[in-house]
Structures are given as structure tokens and as C-alpha cells.
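Below is one structure; the comments refer to it alone.
Residue numbers (my numbering): 5 to 815.
Below, the structure written as C-alpha cells:
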């Protein structure tokens, strides 16, 4: 447009046939430059950088036992502020052994001698363990005495079977006497029943074997076997004494306690602890069948904390991530394990609470519905949720995500291994499924699969997530600087000298450096422990921080200054012919003047690429460079390519060979970008005027109501879930949504029916739960009367100072 105005309006030139070719060449040249400027100005390399960063990280994460199923979960994990973790297998080794037992009213701190136990008790003990368990659960002894036995199947049952072997007995022989086809009835274990029972048909009747959570099964026991093997009444006071003297000390030591019991149904005369029947019992009436039991023993099972877990949790806490343990174990056991792991730290206020009390405190007493206001009073200090169900985990995850207590809102990761964990895994911002012990449904609902079931792998996922975020930010800092400089140089060059100092082919080469080579170089940085010393960015943090904006503007000023000085004074300074169009013919060959400008711009860009490796104001921009050979290789390769282009490019690249002195000047000005970067780093960011920040995400929620079959009201992945994802990939593809809907529909019927029954139980239980008790005194809250119908699992929440935690080495 300027050419037309200047040529035809100002100079009054007339379009003649002899000038047509010249005009067309100029028009094509200006059009190409204009299109090239647009190509350079648009940061189209960002999708490539994101893809490269994620793909590279996902591949590397596989070696860190993280199998990423959804790419965006990798970046989202870098912003995680809370982790809700299972205990068994994740925080612990999931290799369980019986270390204490209470048999015949005698407390054994070690494995007892089988012959010291009354034969009547020992026979029942080994039979109830061998038969009342999945026959797929086995313990295979190793031929090498130094090698631990192999546990196959359910680890809790393997611990009990190992106890039988430690007693010198063979459980396989007992199972051969009672094959599976002779078992009359089985009440399988579930999270509501908290026990497993097996019915055998005998010649004189039926025998019921039961094992389960000690405080649950003990309440169904009316008798207990004494040291002489004779059953004696087991009163409520006896049960309380047993809980206080046996179960709680075991739990405080971090042991899971199981109660083993039996019941004999006889057709003829019945003893005191037996049940007479004239007609076969109705086995469907479970509550009537599993009561009036006789307690055989209580065993304490140890599941050691993984040795690396305390250090990993400490790293999470230093990184600003709150770790919460969600488990189905006894509250005392959970508290002890949490203390060993470091979840409960000295000097902190924390809340250890059971699932029933948790629901009591967050639900409206009148309606039984969860109230966010009540929930927000509980979750900030909650560290351990014991005796919890999968629905409690889902409620916890959903409530934390929906909370507005913190300005940036929480980004929640959750672990799960069971089928019922599917809703919580889908609701979480990042769902981790266990690769070894996890079910197929849990894996399908997850974003990342932990192939080693280890909590430390989650910490590595956090490192990689933050590294992805940083890699993309590094690329943006680098590319935007080049964009600003290239566009302004082309624009002002066209306005002042009717030509761009950077030719179209040259800008395309620079664009190649930016989009492909730089994105590959900056996306392959390996994560370091330094990443865990920063707090999470949060949901609404600007992608381009003030420090990054300071670097972009600062380096753009330096590069523009150098280029414009070379453009308007470089010919005189370097004593060469000017390449400006006023002083040279329009069809003149490439000049050294513009070649030096192009070469200097590339040199400054290359050295600024080194500056862009650091985005948080670090001075040592070379730290970790030897750990990234890809970056070094690409940088050196780009430099060599630039030398070839300058010296051999000729008309193709509009360049002319430079002398050694001219090359040194270009290198000197390029290295000046490194020195200028140190000056920019010296400027305190907080003292600068409030600079613009870009990339702030919105909490706006996507409307998916129009999607057929979504049924989002009961969905663990509600329509605001997509809006919560990371700042770089906001919306998932249709395939991701369809997969979510399939998982939702798989749970729909079961979840609705369970929640309906849960609400029926929880509404009257709201009035039956004891008030929160403090070790220092009762909470100022109205005490509600208890109800024997609903008080099946007494809740003992604690709001403590961590100094008072009963550690394992305390009595």
C-alpha cells in the first residue's frame, strides 16, 4: 500500500508496459514478506511444543512407573495441591504378616507354639483360616530359606495363611478335606459388610466361620473361647475391655486387627453357644445368621510402610501438596500409619476421623445432603479418613474440588484400585489406578496407572507435570521474544526504507528455529528436585508470569536496539556498503550489511535460547546443560547450519559471505544477550510496574447438557470437570468424553441404589453420632443421643497436636 501511494500518488508515475514486470515482481515480493511476517507473528509452534513436551514426558514417565493414559493429566499433575491416597499397597508394602494374636484370652506378642494352644481352639483357628478364605489365595514357600514366601491372591488372607504355616500346620491339607464344592454358602467381603463368612454342612448341622474387622465382628459375638477351650459369655463390658486392652494397643502399633469367630447350628440338643433349628435356617436373613457368634481369636496384621514413602511425602509437603490418607482401616491403625508416613507432622493441627463421623459433620441433619459450607469446615485440617467407603472418597474429592476456600482452588489427585473407586478416580483432576492390584474398571477410569503401586511414583508424576509446564513456558518466553523482534523489524523496515532487513526466506529459517528446533530443545529438559521446592501454580495462575514478561520485553529491547543500530548506522560502523534501498539498486545482489543484520539476529536468538532455559530468575543459566545432550546437539547443529547458510546460501538465502572480523562482531552481539540477561535478572520483579500477564484460565464451565446419554447429574465426571484441567489443554476430545460417559453409565445403577440406601441409613444416624472429641477437651457442640441401631462403628475422631501421636515405639 505504501509503495502504491508513493509510486503513483506522490511521484505521479504511470503504469506502463515496460514497468509491468518490475511492478509485479515488487508486488509479489511485498506480498511474500507480508505473509511471512504473519507466519512469524503467529505462535503456531505452541501446539507443537505442547505435543513434544507431553510426548517426551509420557515416554520418560513410563520408566518412572507412570503409564499415562491421557496426555493432559501429565501437565495437570504439576499443579496438584492435594493427593488423596489409599494406604494398602500405596503407602505400605502390601506384604502382610500376623505379628500379634489374642487366642484363648492370652495375648501373644509373637507367634505362639501350636502345642501350647488348647486343641479345641487350635483346631477351630486353623480351620476357619483355611476354609473361610478364597481358595485362590496361597502362600508358596521358597526352597531358599533366605527368600520370603510368595503371596498369591488377597494379601490379608495370605497373612492369615502364613500364620497357619508359622504354627507348623498345612492349610492345603485342610482345604483338601473341604473342597470348594462342599461349601454350602459364602457371604463375601464388601465395604459395607466388613467381613466374610462361610457356611459348611456337617453331619450334625451347619458351621459358620466368620472373619472381619474386629470391632464389627466382636459386636456380633455373644461368647468367647477361654484358654481351656470352653466357651464363656462375652458381655458388652468384656467387649469394651477387649477393645481397650487388646485391639487399641494393636492398632496404635499400626496393626490391622481381624476377629475370627464361628457359630454352630445343630438339629438336636444345643449347647449354650450353639443354635438349635428344626427347619434349615433362612440363609438370606444375614443379620439373623451372623449373630450370636463365638470369638476364636483376634490377630494383628502388620503391613509395613514402604521405606521410601516418608521421604516422598515430605517432598510433597515441601512442594505445597497436602497428602491425605483415605483407608478402610481402624482409626487408630490409620493414625499410626499416617504418623509413620509423615502425613501427621509434629506442630501441625490435623483431623483424623472415621467415615461415619465425616458424613455426620458435612451433611445437613434435616435432609442428609452434603452442604459445602459444612464441608469447608472439615476438609482443610483433615489428614486421615478411616473406616471410609468408596462413596466417602468420592464425596471428599468432589467437595475439595468444589470448595472456594482458597482463591486458586484445589487441584486434586486421587489413587484407587477397586471397582467402586471408579467415580472418585473420574471426579479427580488426576486419577491414579494401581497397575498391580487395580481392577480393570479402576484402570479404565484413571488418567495415570502406577505400574508399581508405589506412592513415590506419584511424586515423580508431580515432577514431570511441573517440568512440562516449565518446558512450555520456556518455549513461550523464547518464541514471543523472537516474534516481537521479527515483526517490529519487518514493520519499521517497510515504513522507513521500503524494505524488510530480514528477507522472507530468512524469516522462515528463523521461524524454523523457533517452531521446530527450539521446541524440541526446550521440551527435552529433565526434571530436577528443584521443581518440588516451589508451590503449585493453581488453577488461575497466569501462564506468562511477570518474570517471564520482564525477560521477553527486556530481551526484545536489546535485540531491537542492536538491529536498528546496525540498520541505520552499521554500514558506517563496520565500514561496509549500505544495503538500504535508498542507497542501493532495487535488484542489487545480497549485501553484507543486511547479511550482518540477519546473522546478528540469529546469533542473539540462539543465545537467548540458552537464556530461556530459566524462567524463574535463576542466574546460572548453564546449570543442568550437560544433562540435556539434545539441547546441546540442536543448538550446535543450528549454529553450524547458520554458518553454512551465511557462507554458501547466496541468492537462495539473500546472504553474502562475511569476514572473520564481521563474524566476531555478530558473535559478540549474540553473546551480549547472555550478559544482558544477567542485567535483566538483577532487576527486582516486584519493584516493576504491574506488567500484563497472559494465560489466566477461566472458571467458566462448559455446557454439556446437550450431549445425549451423558446423565451428568450422577456423573463422577461432571460438566465442570473439563474446565478444571490444566491451563494448557482445556478441552478434551470427543473420544475422551465418550469414554467418561461409558464409565459413568457402568456405575449409574449401582451408585444410585447405594446412595439411596446410604441416605436412608445416614439420616437417622446423624442424630446418633457422638460429638467430636478433643484430646484437650470436648468440642463446643451439642451432644446428640446415640442409637443402638446405628452405632455399629463407634467413631473416635481426634483433632490433635502432632506431638501427642502414639508412635509405634511407644507403649
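Just so you know, even glycine gets a beta-carbon here, dropped at the ideal spot from N, CA and C.
Of the residues 202, 64, 254, 265, the one whose Cα lies closest to the Cα of residue 228 is 265. Going by beta carbons, residue 77 and residue 451 fall inside the 9 Å limit. With contacts defined as CB atoms closer than 9 Å, residue 215 and residue 101 fail to qualify as a contacting pair. Note on residue 653: 16 or more other CB atoms within 10 angstroms of its CB, so buried under the neighbour-count rule. DSSP places residue 467 outside any beta strand (DSSP E); the residue lies instead in the alpha helix (DSSP H), whose first and last residues are 459–501. Taking the C-beta atoms as reference points, residue 162 is found no nearer than 9 Å to residue 171. Between the C-alpha atoms of residue 94 and residue 422 there is a straight-line separation of about 13 Å. Taking 9 Å as the cut-off, the beta carbon of residue 570 is found closer than this to the beta carbon of residue 604.
Unbroken alpha helix (DSSP H) stretches of 4 residues or longer found wholly inside the segment 492–555: 508–516, 523–526, given in chain order. Boundaries of the beta strand (DSSP E) harbouring residue 266: 259–270, taken from the DSSP string. Within the segment 94–159, the complete beta strand (DSSP E) segments at least 3 residues long are 101–107, 110–112, 142–144, 154–156, listed from N- to C-terminus. No residue range can be given for residue 688, since it is assigned to no alpha helix (DSSP H) and is classified by DSSP as neither H nor E. Taking a contact as a CB-CB distance under 8 Å, the pair residue 505 and residue 601 counts as one, their CB atoms being some 5 Å apart. Residue 692 counts as exposed, since fewer than 16 other C-beta atoms from the protein chains shown sit within 10 angstroms of its C-beta. Setting aside the 5 residues that flank it on each side, residue 47 is surrounded in the same chain by 480, 483, 484, 487, each with a C-beta closer than 8 Å to its C-beta; the list follows chain order.
The C-beta of residue 105 has 16 or more other C-beta atoms within 10 Å across all chains shown, which makes the residue buried. Fully enclosed alpha helix (DSSP H) runs of no fewer than 4 residues occupy 394–406, 426–431, 444–449 of the segment 383–464, in order along the chain. Residue burial annotation: residue 120 is exposed, with fewer than 16 other C-beta atoms found within 10 angstroms of its C-beta. Across the structure, residue 268 and residue 114 are spaced so that their CA atoms are roughly 30 Å apart. Boundaries of the beta strand (DSSP E) harbouring residue 70: 70–72, taken from the DSSP string. Nearest Cα to residue 496 within the set 538, 557, 572: 572. Using a Cβ-Cβ distance cut-off of 8 Å, the segment 21–36 and the segment 459–469 are not in contact, since fewer than three pairs of beta carbons, one from each stretch, lie closer than that value. Of the residues assessed, residue 218 falls on the buried side of the cut-off, its CB having 16 or more other CB atoms within 10 angstroms. Contact annotation, residue 260 with residue 333: C-beta distance approximately 6 Å; criterion of less than 8 Å satisfied. Under the three-state reduction of DSSP output, residue 284 falls in the coil class, being neither helix nor strand. Runs of the alpha helix (DSSP H) lying entirely within the segment 22–58, each at least 4 residues long, are 24–45 in chain order. Here residue 186 carries a helix assignment [DSSP, helix/strand/coil]. Contact between residue 417 and residue 436 is confirmed by a C-beta separation of about 6 Å, below the 8 Å threshold. For the 9 Å CB-CB criterion, residue 659 and residue 610 do not form a contact. According to the DSSP assignment, residue 660 belongs to no alpha helix (DSSP H), since it is labelled neither H nor E. Counting other Cβ atoms within 10 Å of its Cβ, residue 394 reaches 16 or more and is therefore classed as buried. By a beta-carbon distance limit of 8 Å, residue 341 does not contact residue 160. Their separation comes to about 15 Å. DSSP lists 204, 268 as the beta-bridge partner residues of residue 211. Residue range 235–237 is occupied by the beta strand (DSSP E) that includes residue 237. The Cβ atoms of residue 612 and residue 681 lie closer than 9 Å to each other.
Residue nearest to residue 295 within the set 283, 503, 206, 212 is 212 (criterion: CA-CA distance).
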